[in-house]
Amino acid sequence: MKKQYFHYLAIGITGITVIIVALALWKVSGFIYGYPDRLPVNSSDEQVEFVVPRGASFNKIISLLHEKKIISKPLMFRLYTMLKSGDIKVQTGNYIFRRNFTPRQVIKTLKAGPIITLVGVTIPEGKNILEVSSILENAGFGKKEEFLKYIRDPDFVQEVGAKGDNLEGYLMPETYKFRKGTAVVDILKYLVKSHFRVWRGLTRKYPKEFRKVQGQLGFNSHKMLIMASLIEKETGVKKERPLISGVFQNRLLFPGFKPKFLQTDPTIIYGCTVSMDKSEACKKFNGRIRYIHLRDRDNLYNTYTHEGLPPGPICSPGYAAMLSVLKPDPSRYLYFVAKTPGGEHYFSETIEEHEKAVDRFIRKKGR
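Per this note's numbering, residue 3 is the first one in the sequence shown, and the count goes up by one each step.
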């Protein structure tokens with residue numbers, strides 16, 4: 003009788019257990035079945051911007067979605083996606099969700115890919131690396147310091163095929179459109195690539211002129227870029243660039259012109275403002291060139307005290323300035339002076355004529 007009692011008891015317990023498990027499975031299956039279309043608690047129509055970082059795993063993306071309160075049950079979301087389609091390949095980029103999105107809508111948005119938002123930015127001619135970095139920061143592409151870190155990184159400079167200690171001169175002036183969230187390194191690579199595209203186009207179009215500059219001045223492409231940057235900073239008047247190019251080349255080529263100082267003020271300013279190693283005189287620079295700056299030999303960019311080209315470019319030259327290096331206007335000019343600040347220049351063949359022009363336009367002794 004006792005045995006029979008325990009037998010019935012075991013059957014009863016087993017039956018109850020089966021019923022409990024069945025109820026639990028029914029409840030879980032019902033929850034899972036309804037989960038994809040379940041609205042979040044306290045949902046609203048508010049938009050939420052969400053960025054999928056480069057190289058993020060799907061588990062990491064789920065964690066970020068939970069942090070942003072786009073999903074409320076990360077484990078259930080993971081189970082749902084595993085049952086539905088396993089891991090989802092989610093592209094890097096920007097996504098827009100709403101607080102009232104169901105899990106199904108979240109998955110659909112992720113599968114659709116990021117929103118491609120193009121942001122325009124213009125790099126004007128004649129800007130140096132500090133100015134270009136600020137322009138890119140103001141356009142929302144990253145911090146100025148991050149741009150400068152790569153611009154001045156010798157390994158990165160070598161990787162993109164540029165020459166010199168940094169990317170000065172290689173950040174091609176142009177209007178660009180980049181996807182919002184584009185990495186700093188990708189933007190810099192594209193700017194440098196644009197420079198090489200323009201320069202190679204010029205050398206293919208004017209091969210004889212390129213070889214002539216190589217032969218006469220012994221310049222490689224990097225030195226031609228330095229020359230173009232000086233021309234770019236000396237004038238904003240497009241028609242004058244070939245003339246100024248001719249003056250600089252005459253100074254380097256004419257045997258009677260010694261010492262071969264290019265004597266261009268923008269190089270002094272660059273050495274005092276952008277160069278990492280500043281001389282004692284440059285530390286006193288307040289935006290105006292004084293006598294101590296003109297005679298400063300410790301400023302390696304000072305073309306009044308160092309012959310020939312400065313150590314590197316002083317800005318990013320545009321197409322016209324680069325072309326003028328290959329196609330200078332032939333003349334006997336060796337000097338020029340601005341008629342008005344930022345305006346056209348007066349060109350002279352002799353120092354006597356130049357001094358008279360300086361009296362007239364700068365010292366205001368003439369008419």
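Where is the CB? At the ideal position from N, CA and C, for every residue including glycine.
- A distance below 6 Å between beta-carbons, with the five flanking residues on each side excluded, links Thr94 to the following residues of its chain, in chain order: Val54, Arg56.
- Beta bridge pairing from DSSP links Arg181 with Leu120.
- Per DSSP, the beta-bridge partners of Glu176 are Ile125.
- Tyr172 counts as buried, since no fewer than 16 other beta carbons sit within 10 angstroms of its beta carbon.
- Tyr272 carries a helical assignment under DSSP once its states are collapsed to helix, strand and coil.
- For Gly345, the closest alpha carbon among the candidates Ile294, Leu67, Gly238 is that of Gly238.
- The same chain holds no residue with a CB closer than 7 Å to that of Lys285 once the five nearest residues on each side in sequence are set aside.
- The three-state reading of DSSP puts Ser350 in strand, counting E and B together.
- From the listed residues Ser74, Tyr335, Lys165, Lys151, the smallest Cα separation to Pro38 is found for Ser74.
- In this structure, Pro105 is the residue among Arg100, Pro105, Ile63 with its C-alpha nearest to the C-alpha of Phe79.
- Close CB contacts of Ile291 within its chain, under the 8 Å cut and outside five residues either way in sequence, are with Asp267, Ile270, Ile271 (chain order).
- Within the same chain, Cβ atoms closer than 6 Å to the Cβ of Glu170 are found at Ile131, Gly314, Pro315, the five residues on either side in sequence being excluded.
- The count of Cβ pairs closer than 8 Å, one atom from the region 139-155 and one from the region 196-214, stays below three, leaving the stretches out of contact.
- Ala114: member of the alpha helix (DSSP H) spanning 105-114, first to last residue.
- By the CB criterion at 8 Å, Lys129 and Ile137 fall inside the cutoff.
- Counting only the Cα atoms, Phe149 lies some 44 Å from Gly258.
- With 16 or more other CB atoms across the displayed protein chains lying within 10 angstroms of its CB, Phe221 is buried.
- Looking from the CA of Gln160, the closest CA among Glu139, Lys191, Phe250 belongs to Lys191.
- Straight through space, the alpha carbons of Cys317 and Ser135 are spaced by roughly 12 Å.
- Taking every protein chain shown into account, the CB of Ala230 has 16 or more other CB atoms within 10 angstroms, so this residue is buried.
- By the C-beta criterion, the region 291-303 is judged not to be in contact with the region 211-225, since fewer than 3 inter-stretch pairs fall below 8 Å.
- Linking Lys280 to Asn301 through their CA atoms gives a straight-line distance of about 7 Å.
- For Gln251, the enclosing alpha helix (DSSP H) starts and ends at 243-255.
- Taking all protein chains in view, the Cβ of Gly320 is crowded by 16 or more other Cβ atoms within 10 Å, so the residue is classified as buried.
- Straight across, the Cα-Cα distance linking Leu67 with Gln49 is about 13 Å.
- The DSSP-derived three-state label of Ile98 is strand.
- As the crow flies, the alpha-carbon of Asp361 is around 45 Å from that of Lys195.
- Counting only the Cα atoms, Ile98 lies some 56 Å from Asp298.
- Under DSSP, Glu282 takes part in no beta bridge, so it has no partner.
- Shortest Cα-Cα distance from Tyr306 to any of Ala141, Pro209, Lys110, Gly273 involves Gly273.
- The Cβ-Cβ distance between His356 and Tyr337 falls below 8 Å.
- In the three-state reduction of the DSSP assignment, Tyr37 falls in the helix class.
- Secondary structure note for Tyr82: its alpha helix (DSSP H) is the uninterrupted segment 76-86.
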